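Numbering (this note's numbering), first residue to last: 163 to 360. One structure is given here, and the rest of the page talks about it.
Have a look at this one:
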């Protein structure tokens, strides 16, 4: 997957809140009512680190969505790098599809990467090349919050991030993961509120 190249880009298109406060409240009530294993399984669609999902499930009940988002961000920051790598395994390369097509996380990934579906052949080839170069340089998939970004913006981010040293890149990956987690928590709360969560 692909991530942001510069700090100026990192906050662009910050995650929007759930459609209505009522959805957040109703979804949060359902999340709070799940058993610990059910909650951890639901939360794993937001971040595939087992440690993160278990930690977020263990803190329940949440008083409000803001508390959930705050604790989720703290727990992403606390993850050891192997836990971050575990989370990355659930993210396909930009421009490719998740292997598990039926899971909510795979459906979310397809929607998030919609901008990468229709680039011209040249941009698609360059994205594939950038993904391969990134993986060779850093040893893991290129992660980017694809929501709200064009294929060209993701390509620029990938090429820019290839210049990062490993320590800087790990910080960028963690920030991108945090942005994705926030967006997916919104989707989870909405799905729980509407009764569409599996």
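Glycine included, C-beta positions come from ideal geometry on N, C-alpha and C. Given the structure is predicted, the values throughout are model-derived calculations rather than measurements.
Residue from 341, 298, 293 and 291 whose Cα sits closest to the Cα of residue 310:
Nearest option by C-alpha distance: 341.
Tell me which same chain residues have a C-beta within less than 7 Å of the C-beta of residue 317, skipping the five on either side of it?
285, 288, 289 and 292.
Flag this pair as yes or no: are the beta carbons of residue 351 and residue 227 separated by less than 8 Å?
Yes; because the gap between Cβ atoms is below 8 Å, this pair is in contact.
Enumerated in chain order, which unbroken segments of the beta strand (DSSP E) with a length of 3 residues or greater are wholly contained in the region 279-335?
DSSP runs (the beta strand (DSSP E)) wholly in the region 279-335: none.
Selected residue, minimal CA-CA separation from residue 332, among 343, 315 and 239:
Among 343, 315 and 239, the Cα nearest to that of residue 332 belongs to 239.
Can you tell me whether DSSP reads residue 253 as helix, strand or coil?
Reduced to three states, the DSSP call for residue 253 is coil.
Within 7 Å: the Cβ of residue 251 and any heavy atom of the ligand FAD?
In the structure shown, the ligand FAD is absent, as is every other ligand, since no ligand is present at all.
In angstroms, rounded to a whole number, what distance separates the CA positions of residue 344 and residue 296?
Rounded to whole angstroms, residue 344 and residue 296 show a C-alpha spacing of 24 Å.
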